[in-house]
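Data first, discussion second: the structure below is written as structure tokens.
Numbering (the working numbering), first residue to last: 232 to 487.
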């Protein structure tokens, strides 16, 4: 039986640990693999050959991953593979440890690394199955996006639900503050993450499904990619409309 390497990258969250736990549980129960190695600090752990034997841990220790915050168990990184030397090094380490399966949990760059590693393994006649485990708050892995608003590969990315819930809580708290101080600060702007995809700012509507809060949700997709001044005028116009109608405005805008 072949061995497994599992690693994670990107933002450290409880979700990423739970995804790793799910993969480990299934691998152990399958009884089709030998050792399960965890790469310390993401793909950097593979490059440095810093691997720990996760399968040697007690089941109750592995189960704790479901509620473990951050990614402290095996760590994370934001290292993007940029050259063939790194890819060749990954294949070298995998051959040395008789690895036949590689699981990489993370966002777009992680999926790219898993894909490149798989292609290089095929060229080198190495029997290696590479699997990407999506974990991104941006909700932008699993595309392309279909006409009905669903992803071609997966419904949503683990991590998105967590950030959506957090945003809702922040908006509700910000609304209470804004209600009390709008005479001096009528406009409150909340910038959110999400890169060029508007899923996170769109989640703001969950804080106010009945539209009772003066929310102005600006999605990256609704703005021009080239004209900064046109975007500024568009946002200013929308804010002024909200102020005239409700006297205050809470702007939710994506970073993209």
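Yeah, the Cβ is synthetic: ideal placement off N, Cα and C, and Gly gets one too.
Considering only residues of the same chain and omitting the five flanking positions on each side of residue 270, which have a CB-CB separation below 8 Å? Counted from its first residue, the chain shown places residue 270 at position 39. Closer than 8 Å at the Cβ level, and outside the excluded window around residue 270, lie 236, 237, 238, 276, 277, 281, 282 and 305.
Could you tell me whether the segment 255–262 touches the segment 280–300, using the rule of 3 or more Cβ pairs below 8 Å? yes
Looking at C-alpha atoms only, which residue of 399, 401, 234 and 250 is the closest neighbour of residue 388? In the chain shown, the residue the question calls residue 388 occupies position 157. Here the closest residue by C-alpha is 250.
For residue 428, report the span of its alpha helix (DSSP H) as first-last. If you number the chain shown from 1, residue 428 lands on position 197. From DSSP, residue 428 is part of no alpha helix (DSSP H); its letter is neither H nor E.
Could you pull the start and end residues of the alpha helix (DSSP H) that residue 276 belongs to? By 1-based counting over the chain shown, the position of residue 276 is 45. Segment 274–278, the alpha helix (DSSP H) holding residue 276.
Tell me the DSSP bridge mates of residue 239? One-based indexing of the chain shown puts residue 239 at position 8. Residue 239 is bridged to 336.
Exposure of residue 440, with buried meaning 16 or more beta-carbon neighbours within 10 Å: By 1-based counting over the chain shown, the position of residue 440 is 209. Residue 440 is exposed by the Cβ-count criterion.
Pick from 456, 242 and 332 that is closest to residue 427, judged by C-alpha positions: What you label residue 427 is simply residue 196 of the chain shown in a count that begins at 1. Considering only alpha carbons, the answer is 456.
At what residues does the beta strand (DSSP E) containing residue 482 begin and finish? The sequence position of residue 482 within the chain shown is 251, counting from 1. Its beta strand (DSSP E) spans residues 480–485.
Which residue wins for smallest C-alpha separation from residue 367, given the options 450, 361, 430 and 267? Here residue 367 refers to the residue found at position 136 when the chain shown is read from its first residue. If we check each option's Cα against that of residue 367, 430 comes out closest.
My assumption, with CB atoms under 8 Å, is that residue 483 sits in contact with residue 435. Please give the rounded CB distance. As a first step, residue 483 is located in the chain shown; it is residue number 252 there, counting from the start. As a first step, residue 435 is located in the chain shown; it is residue number 204 there, counting from the start. Contact holds; Cβ gap of about 4 Å.
Per DSSP, which residues does residue 308 bridge with? Please list them. In the chain shown, counting from the first residue as 1, residue 308 sits at position 77. According to DSSP, residue 308 bridges with nothing at all.
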